[in-house]
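Written out below as structure tokens is the structure these notes cover.
Numbering (UniProt numbering), first residue to last: 1 to 93.
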């Protein structure tokens, strides 16, 4: 298995977990955790962090969601405006 297929448990840094098993592992490991409270990233529930603001600056899932929103807004803003008489700019009458 490649290193890209593994992640580090946020509750116990000595736990190296296969990414597809991470959600189930987090549920188990969270029960035994007694450190400072961790927040769950709303863009990827397997991200558990102390400082959400700092995390969002680096979170690939958050950054991708911002890019997708920008594309959707750009596509919507390409609708041609109406002329003062109520007709589309592209129509001759």
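C-beta atoms are modelled at their ideal positions from N, C-alpha and C, and glycine is treated no differently.
Predicted, not measured: the structure shown is a model, and the values here were computed from it.
Coil, strand or helix - residue i by DSSP
| i | result |
| --- | --- |
| residue 38 | coil |
| residue 62 | helix |
Where residue i falls, given that 16 or more other Cβ within 10 Å makes a residue buried
| i | result |
| --- | --- |
| residue 37 | exposed |
| residue 17 | buried |
Residue nearest to residue i in terms of C-alpha spacing, selected from the options
| i | options | result |
| --- | --- | --- |
| residue 8 | 62, 49, 31 and 57 | 49 |
Spatial neighbours of residue i in its chain, beta-carbon cut-off 8 angstroms, leaving aside the 5 residues before and after
| i | result |
| --- | --- |
| residue 11 | 26, 29, 30, 32, 33, 35, 38 and 48 |
Close beta carbons around residue i, own chain, < 7 angstroms, minus the five adjacent residues each side
| i | result |
| --- | --- |
| residue 22 | 7 and 46 |
| residue 19 | 5, 6 and 7 |
Residues near residue i by beta carbon distance below 6 angstroms, same chain, minus five either side
| i | result |
| --- | --- |
| residue 24 | none |
| residue 56 | 62 |
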